[in-house]
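Trainee:
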Amino acid sequence: MDLYAQNRRDVMKRLPDGLIAVGSAPEILRNGDVNYFYRQSSNFLYLTGIEQPGFALLLDPKKKREILFVPKLTQLHAVWLGHIPSKEEAAREYGISDVRFLDELPAALKLLRNGHRKCYAGKEILPRIKKTLGRTKVDAGGLEEAFAELRAVKKPGEIEKIRKANAVTARGHLAAMRAARPGMYEYEVQAELEREFLRGGLFQKGYSSIVAGGKNSAVLHYHHNHSRLQAGDLLLIDAGAEYLGYTADVTRTFPVSGKFSRKQKDVYEAVLSAHKKSMDKARPGITSLELHQYSCRIVAEGLRDLGILKGSTDELVESEAVRVFYPHGLTHMLGLDVHDVQGGKKRAIKVPGKRKVRFNAKLEPGFVITIEPGIYFIPALLNDPKVRRKHAGRIDFGKAEKFLNFGGIRIENDVLVREKGPPKDLTSVPREVKEIEKICSEG
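Letter by letter, the sequence shown follows residues 0 to 442 in numbering that gives the first Met the number 0.
(1) Under a three-way DSSP split, which group does Ile438 fall into?
(2) Between which two residues does the alpha helix (DSSP H) containing Pro384 stretch?
(3) Determine the burial state of Thr186: buried for a count of at least 16 other Cβ atoms within 10 Å of its Cβ, exposed for fewer.
(4) Determine the DSSP secondary structure at Leu233, reduced to helix, strand or coil.
(5) Could I get the ranges of all uninterrupted alpha helix (DSSP H) runs contained in the stretch 360-416, with 4 residues as the minimum, in chain order?
(6) Let me check one thing: in DSSP terms, what residues is Asp138 bridge-paired to?
(7) Among residues of its own chain, excluding the 5 on either side of Lys204, which ones have a beta-carbon nearer than 8 Å to its beta-carbon?
(8) What are the start and end residues of the beta strand (DSSP E) that includes Arg251?
(9) Between the stretch 266-281 and the stretch 310-321, can you find at least three pairs of beta-carbon atoms closer than 8 Å?
(10) Please tell me whether Asn215 and Leu425 are closer than 8 Å, where the distance is taken between their beta carbons.
(11) Would you kindly work out how many angstroms separate the C-alpha atoms of Gly231 and Asn382, rounded to a whole number?
(12) What's the C-alpha gap between Ala120 and Lys62?
(13) Would you say the stretch 338-346 touches the stretch 135-151, given that touching needs at least three Cβ pairs under 8 Å?
(14) Could you tell me which of Glu65, Gln74 and Ile27 sits nearest to Pro52, measuring between CA atoms?
(15) Quick check for students: name the residue ranges of the beta strand (DSSP E) that lie wholly in the stretch 71-100, counting only runs of 3 or more.
(16) Report the partner residues of Phe68 according to the DSSP bridge assignment.
(17) What separation, rounded to the nearest whole angstrom, lies between the Cα atoms of Arg7 and Leu108?
(18) Could you give the distance in angstroms between the alpha-carbon of Ile236 and the alpha-carbon of Val210?
(19) From which residue to which residue does the beta strand (DSSP E) around Asn224 run?
(20) Quick one: give me the first and last residue of the alpha helix (DSSP H) that Tyr293 is part of.
(21) Is Val432 helix, strand or coil when you go by DSSP?
See below:
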């Protein structure tokens with residue numbers, strides 16, 4: 000609980016002029032009387048580590064006071080869902096000595112608001128706070144901004160959780176490589192992947208697993224996972240297990256038949272080169288946009304070596320010809336969300352021109368980010384008349400058409416930016432051609 004106690008102290012130090020109220024995420028109905036599998040609010044997890052619904056937290060920075068509000072559950076709940084922890088048990092488990100029932104929140108708010116100009120409230124609890132406090136100013140944006148700033152730099156305890164999530168995720172990816180064979184369905188490989196997550200004790204995923212074979216691997220957020228794998232296909236798997244709210248985000252692409260073809264190997268090596276070089280360059284001071292632009296240059300050079308692109312590297316990047324084959328960003332923040340907070344307004348750097356990058360800030364020690372270049376042969380782009388007219392002199396469309404059923408290749412690792420030198424790689428899944436082929440042969 001030391002990590003969460005420090006996080007609470009940090010948010011109180013960041014917002015000293017008001018009460019701070021944060022609530023659990025609501026349960027969401029799936030159908031009938033069945034809810035979706037519950038996932039706690041990331042901000043509430045950051046402050047408490049509590050993964051169950053129905054809780055609230057009230058912080059008073061002036062008095063350095065913490066009050067945890069727990070649901071007052073009925074005997075019926077115990078019959079259907081199990082043990083109801085007492086307030087004393089909750090205090091011991093969550094490290095907050097002042098524990099009250101949730102229906103006592105309004106009285107506590109009214110008592111503690113004296114001497115405070117405002118109350119900072121999370122969106123999950125905002126309506127209840129506004130109703131209780133009446134004319135007292137309630138600020139939701141200030142709290143979100145504080146979380147965006149604080150959550151960006153990961154503490155050692157957070158990094159350890161991401162490392163744990165990566166270790167279990169690696170076992171899943173290795174199991175998928177060993178299991179995949181022509182004739183299997185994508186969902187069968189997904190079952191082998193996610194079985195390892197469960198065997199590792201991780202019941203949550205950071206996002207829905209992408210298991211995309213053949214031409215499906217050129218769909219960036221493919222989610223159907225129901226096609227049959229064919230001999231000669233590539234299989235792209237983008238999946239990450241979650242540990243105590245912190246997720247991994249790992250992508251590997253490998254041959255279903257166990258051996259890369261010459262064409263597949265050539266494209267894979269081009270992506271791998273961009274992956275390695277971009278990872279080495281992810282150091283404090285460089286902006287995420289600069290890092291992305293650097294990866295575009297390496298990908299462009301790789302595609303030019305393959306005869307698919309023509310012209311100078313500068314021209315291929317500035318004209319965005321390379322984005323026909325590499326249409327997404329290189330990196331994003333990682334933590335309690337798979338696309339985690341981006342560091343807040345103070346860190347945000349305006350993206351010049353028409354470039355489309357969601358995340359642009361200078362990298363800092365303690366940032367955990369992804370490195371994920373890719374090359375894809377996407378029919379919707381390659382067959383677009385506007386794209387063909389714009390890049391007629393830069394793309395050999397005749398050669399590119401020979402790759403229309405190829406799909407795509409992406410390699411993604413999670414890394415920790417350090418004070419000096421290259422980042423610490425948190426992902427342990429092999430990425431070299433020979434290593435991947437060896438693992439695929441072990442099934």
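Where a beta carbon is used, it is the ideal one built from N, C-alpha and C, also for glycine. Note that the coordinates shown come from a computational prediction; the quantities given were computed from them, not determined experimentally.
Mentor: Based on what the coordinates show:
(1) In this structure, Ile438 counts as helix in the three-state DSSP scheme.
(2) Pro384 to Lys389
(3) In the sequence as displayed, the identity of residue 186 is Tyr instead of Thr. Burial call: exposed.
(4) strand
(5) 378-381, 384-389 and 396-400
(6) Tyr119
(7) Glu193, Phe196, Ala238, Gly239, Ala240, Glu241 and Thr246
(8) For Arg251, the enclosing beta strand (DSSP E) begins and ends at Val249 to Pro254.
(9) no
(10) no
(11) 24 Å
(12) 18 Å
(13) At 8 Å Cβ cutoff, the stretches touch.
(14) Ile27
(15) 98-100
(16) DSSP lists Ala55 and Arg99 as partners of Phe68.
(17) 18 Å
(18) 5 Å
(19) From DSSP, Asn224 is part of no beta strand (DSSP E); its letter is neither H nor E.
(20) Ser287 to Asp304
(21) helix
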